[in-house]
Structure formats: C-alpha cells, structure tokens
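In the working numbering, the protein residues as written are 4 to 449.
This is the structure in structure tokens:
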C-alpha cells in the first residue's frame with residue numbers, strides 16, 4: 004500500500020507538505036493505540052460532486068477584475084488543474100447577494116409576457132459559461148428561489164418573509180418552470196431545483212415563508228404538475244433548503260405516499276450548528292433520498308473575519324460530520340466576493356473562499372478554499388463513503404473509495420497537540436501523523 008499525503012497547517016492555510024509513503028509497518032499490537040481502520044467492503048452513500056453558488060454578486064465581482072484574473076478564479080474551481088468543482092447553485096431571481104432586488108417579469112404580469120433573463124445574461128450566465136468552458140464539460144446546476152414576485156406575496160414585497168398567496172400558486176409554479184426552460188434554451192444543464200430557499204426565515208432581504216404543509220401542498224398540487232406539463236418531470240426537486248436543526252421534521256412532514264415520488268432529496272444549510280444527527284435521521288428514515296448541503300458561509304455579522312484559519316476549520320468539521328451522516332452533494336455559497344464580502348444589497352456581508360479586491364485586482368485565496376479542496380480535489384464524483392473506526396474523537400475522519408479504487412481519507416486535528424495516527428487497510432499499516440491544528444488528506448493505492 005502506498006499513500007500520498009497532503010497536509011495543511013495553520014500558518015497560511017496552504018498545503019505545506021506532500022509526501023509519498025509505502026506501507027512498511029507490521030500489523031502487530033504496537034500500533035493498536037493509534038489506529039484508524041478503513042473498511043472499503045462496507046460502503047455507504049455515493050458522493051455525486053462538489054460546487055458553489057454563482058450569484059449576481061459573483062458575476063459583478065469577476066466582471067470588475069482584469070479578464071485574466073477572473074479567469075484564474077474560475078480555473079481554480081472548475082478547470083482541470085482546479086479543486087474539482089462540477090456543480091453550481093444559481094438563485095432564481097435576486098437574493099441578498101445581488102446588486103438589488105429583481106425578478107424576471109414586470110410587476111403584475113400574470114401572463115408572463117414580459118419574462119426576461121436580462122439580469123442573468125449580464126452577470127450570472129457569462130460567468131457560468133466561462134466556468135463551463137474551462138471545465139471542458141457541462142456543469143450541473145441547481146436553481147433556488149428566494150422569493151416570488153412581490154405581487155404574488157401576502158406582504159407585497161420580495162423582502163421580509165411574507166407568504167405565497169394561494170391564488171398565485173399556479174402562476175408561481177409556471178414561472179419557475181419558465182425560468183428552468185429559459186436556462187435550458189441557453190444550454191445550461193439544470194438538473195436540480197429547491198422549492199424555496201430558507202422557508203422558515205423572514206429575512207430583511209429576499210425571502211418567503213412556507214410551513215411544512217404549505218411546502219408539501221405547493222409541490223404536490225402546483226409545482227410538480229407544472230414541471231411534468233413543461234417536460235421537466237426529470238428535474239430533481241429538493242425540499243427544505245434550510246438549517247439542519249429542523250431538517251428531519253420537515254422531511255417527515257413533507258415526504259409521504261402522495262409526494263414521495265416527487266421529492267428527490269432534502270437540502271440543508273449549516274447556520275444553526277452541527278445537528279449531524281438530524282441529517283443522519285433523514286438518511287435512516289428516507290434512505291432513497293439525496294442529501295444535499297446547499298449553502299454555508301462565514302457571516303461577518305457572527306464571526307470574526309480575522310480568524311480565517313478557525314473559519315476554515317468550521318468547513319472541514321461540518322463536511323466530515325455531514326458526510327458521515329449521509330450527505331451526497333456539497334454546494335458552498337458564493338465562490339468569490341469582493342474585499343468587503345459583497346456586494347450585498349442588504350448589507351449581509353460574508354466571506355467567500357476567494358476574495359477579490361476589485362480596486363487593485365488582487366485575489367486572496369482564503370484558508371477555507373484550501374480546506375474545501377482537501378475534499379473536492381481528492382473525493383471524485385461517484386466515490387462511495389466507506390466504514391471507518393478511529394481511536395479518538397480528537398481525530399475527525401471520513402473516508403471514501405473512488406471510482407478508480409483509490410481510498411481518500413480526510414483527517415482533521417483541531418487540537419493544539421500533534422496526534423499520532425496509523426492507517427490500517429486490509430492488514431497493512433501506514434503512519435499518518437496529524438500536526439496540531441491541521442487537516443490531512445491521504446490518498447491510498449492498494
């Protein structure tokens with residue numbers, strides 16, 4: 004057994020050590036105190052891919068850079084030498100990471116005769132097309148609505164929550180289908196759709212609230228039939244698309260005999276804490292559903308932007324916990340923002356793994372970029388999570404068998420002490436010591 008090891012330590016977030024090692028240790032009792040056992044015969048969920056969001060803010064930031072610098076950012080994510088992204092999430096109409104609120108029709112247009120994607124054509128789609136060209140293949144897209152047009156809502160505004168007015172449920176469903184069809188006409192591969200972003204929140208920006216009953220009924224009575232009539236019945240629909248603390252409750256209330264075949268999976272965010280047990284409950288009780296992490300970021304209103312390394316560790320901790328609970332897909336929030344964590348029309352500034360100073364053109368790859376890469380670059384689409392046992396909870400770990408048979412193991416050490424680790428696979432041993440405050444990925448060839 005040989006292993007390639009990539010380790011990132013605290014200093015600057017970049018990988019600082021790469022080494023190839025060959026198994027040379029006898030499998031005897033001397034190593035039993037520090038073992039991480041790998042069992043590729045015991046397989047769990049497949050991993051379908053990694054990606055991030057391309058919002059209007061992302062498009063505006065990259066358009067403000069010199070073209071070659073913008074290309075470098077997209078190459079770092081989606082290019083052959085990048086970190087392995089193959090997915091994207093795109094807001095359906097505006098979200099907080101837009102220059103301002105907008106929708107694709109004029110106010111009050113119940114016939115959709117004014118439908119236009121002019122905002123998307125200026126910012127989002129050029130960015131997406133360049134990413135796709137750099138990838139050299141079609142990228143898989145998920146669309147998510149933040150709010151129906153203002154006239155369709157109980158509060159008459161895209162902002163501050165409100166709810167979809169029942170008399171407009173059919174029109175809103177047709178609007179969503181039109182959006183998907185217009186994207187498909189432009190060559191975009193829209194494979195996934197969430198019913199509503201964060202349906203339990205009344206935000207100061209684009210938002211709309213749905214109870215579990217309202218989400219289920221809208222999907223069953225309006226959205227699914229509209230998708231089928233529009234020839235979009237194969238679009239994977241995800242419910243919830245909100246934080247993990249209520250993910251199991253929403254799944255249990257929305258998935259039933261009358262909706263089971265309409266729901267491909269459950270999407271979730273991280274803003275309310277770990278709640279890995281909630282994700283695991285969904286996996287256990289609804290084993291045929293996909294589990295999709297659809298958004299997470301470091302909010303400057305809650306976290307210190309100067310603690311970039313600790314913020315990056317949040318990503319690794321959450322990704323390991325979610326994968327071990329059954330996650331299939333990972334979609335980060337904005338792939339790039341400006342030096343202030345915007346633009347954001349509600350002032351809800353956040354960190355992205357890549358921050359760009361639009362005044363001078365400088366690009367900063369934050370530690371979170373490199374931490375995500377430990378997963379996305381080495382766990383390939385089609386990989387399967389495998390069973391692991393670990394000698395200590397201080398070593399957070401998850402492991403996967405890639406389609407080529409290689410084993411990718413991620414080891415996170417958030418403590419201030421070096422932790423010894425010996426990987427054990429099919430009777431072979433390999434040392435994998437974890438420095439203080441580090442993340443290590445080992446790719447093992449048998």
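Ideal Cβ placement from N, Cα and C applies to all residues, glycine included.
Restricting to Cα atoms, I'd like to know which of the options is closest to residue i.
{"i": "residue 442", "options": "92, 393, 398", "result": "398"}
{"i": "residue 284", "options": "277, 140, 251", "result": "251"}
{"i": "residue 361", "options": "60, 152, 215", "result": "60"}
{"i": "residue 39", "options": "394, 429, 406, 318", "result": "394"}
{"i": "residue 147", "options": "277, 160, 127, 179", "result": "179"}
{"i": "residue 422", "options": "429, 431, 428, 396", "result": "396"}
{"i": "residue 191", "options": "247, 367, 127", "result": "127"}
{"i": "residue 210", "options": "95, 368, 381, 88", "result": "95"}
{"i": "residue 289", "options": "79, 264, 217, 414", "result": "264"}
{"i": "residue 71", "options": "425, 365, 301", "result": "365"}
{"i": "residue 134", "options": "386, 391, 56", "result": "56"}
{"i": "residue 257", "options": "282, 217, 286", "result": "217"}
{"i": "residue 92", "options": "195, 291, 342, 363", "result": "195"}
{"i": "residue 114", "options": "7, 434, 171, 187", "result": "171"}
{"i": "residue 390", "options": "36, 24, 23, 44", "result": "44"}
Less than 8 Å separating the Cβ of residue i from some heavy atom of the ligand FMN?
{"i": "residue 427", "result": "Ligands are entirely absent from the displayed structure, and the ligand FMN is therefore not among its contents."}
Determine the contact status of residue i and residue j, defining contact as a CB-CB distance below 9 Å.
{"i": "residue 402", "j": "residue 417", "result": "no"}
{"i": "residue 296", "j": "residue 325", "result": "yes"}
{"i": "residue 294", "j": "residue 345", "result": "no"}
{"i": "residue 46", "j": "residue 448", "result": "no"}
{"i": "residue 481", "j": "residue 376", "result": "No information on residue 481 is available, as it lies outside the stretch 4 to 449 that the chain covers here."}
{"i": "residue 223", "j": "residue 242", "result": "no"}
{"i": "residue 450", "j": "residue 110", "result": "Any property of residue 450 remains undetermined from this structure, which presents the chain solely from 4 to 449."}
{"i": "residue 273", "j": "residue 234", "result": "no"}
{"i": "residue 207", "j": "residue 155", "result": "no"}
{"i": "residue 118", "j": "residue 181", "result": "yes"}
{"i": "residue 267", "j": "residue 313", "result": "no"}
{"i": "residue 86", "j": "residue 53", "result": "yes"}
{"i": "residue 97", "j": "residue 122", "result": "yes"}
{"i": "residue 277", "j": "residue 307", "result": "no"}
{"i": "residue 304", "j": "residue 352", "result": "yes"}
{"i": "residue 384", "j": "residue 50", "result": "yes"}
{"i": "residue 275", "j": "residue 333", "result": "no"}
{"i": "residue 48", "j": "residue 331", "result": "yes"}
{"i": "residue 203", "j": "residue 249", "result": "yes"}
{"i": "residue 183", "j": "residue 152", "result": "no"}
{"i": "residue 159", "j": "residue 348", "result": "no"}
{"i": "residue 89", "j": "residue 150", "result": "no"}
{"i": "residue 26", "j": "residue 58", "result": "no"}
{"i": "residue 400", "j": "residue 323", "result": "yes"}
{"i": "residue 432", "j": "residue 319", "result": "no"}
{"i": "residue 42", "j": "residue 392", "result": "yes"}
{"i": "residue 429", "j": "residue 145", "result": "no"}
Might you give, ordered along the chain, the residues of its own chain that have their beta carbon closer than 6 Å to the beta carbon of residue i, omitting 5 neighbours on each side?
{"i": "residue 166", "result": "157, 212"}
{"i": "residue 176", "result": "225, 226, 229"}
{"i": "residue 316", "result": "417"}
{"i": "residue 427", "result": "38, 40"}
{"i": "residue 164", "result": "205, 210, 212"}
{"i": "residue 310", "result": "none"}
{"i": "residue 281", "result": "247, 250, 251"}
{"i": "residue 232", "result": "none"}
{"i": "residue 382", "result": "50, 403, 411"}
{"i": "residue 253", "result": "215, 243"}
Give the range of the alpha helix (DSSP H) segment to which residue i is assigned.
{"i": "residue 120", "result": "Premise fails: residue 120 is in no alpha helix (DSSP H) and is neither H nor E."}
{"i": "residue 257", "result": "250-257"}
Could you give the residue range of the beta strand (DSSP E) that holds residue i?
{"i": "residue 76", "result": "Segment 70-81 is the alpha helix (DSSP H) holding residue 76; no beta strand (DSSP E) there."}
{"i": "residue 332", "result": "332-337"}
{"i": "residue 386", "result": "386-393"}
{"i": "residue 415", "result": "410-416"}
{"i": "residue 52", "result": "52-56"}
{"i": "residue 93", "result": "90-95"}
{"i": "residue 342", "result": "That residue, residue 342, is in no beta strand (DSSP E); it is neither H nor E in DSSP."}
{"i": "residue 446", "result": "441-448"}
{"i": "residue 148", "result": "143-148"}
{"i": "residue 188", "result": "Segment 172-188 is the alpha helix (DSSP H) holding residue 188; no beta strand (DSSP E) there."}
{"i": "residue 431", "result": "431-434"}
{"i": "residue 318", "result": "Careful: residue 318 lies outside any beta strand (DSSP E), inside the alpha helix (DSSP H) at 311-328."}
{"i": "residue 359", "result": "357-360"}
{"i": "residue 62", "result": "Taken as a continuous stretch (DSSP letters only), residue 62 belongs to no beta strand (DSSP E), being part of the alpha helix (DSSP H) at 59-66."}
{"i": "residue 296", "result": "293-298"}
{"i": "residue 6", "result": "5-11"}
{"i": "residue 366", "result": "365-368"}
Closer than 8 Å by C-beta to residue i: which residues in its own chain qualify, once you throw out the five before and the five after it? Chain order, please.
{"i": "residue 82", "result": "137, 138"}
{"i": "residue 65", "result": "73, 76, 77, 130, 339, 359"}
Between residue i and chain E, is any beta-carbon pair separated by less than 9 Å?
{"i": "residue 440", "result": "Absence of chain E from the displayed structure is noted, only one protein chain being present."}
Within the same chain, show all residues whose beta-carbon is closer than 7 Å to that of residue i, passing over the 5 residues directly before and after it, in chain order.
{"i": "residue 270", "result": "197, 241, 243, 244, 295, 297"}
{"i": "residue 261", "result": "223"}
{"i": "residue 236", "result": "230"}
task: Output the residue ranges of the beta strand (DSSP E) runs that lie fully inside the region 187-218 and measure 3 residues or longer, sorted by chain position.
output: 192-197
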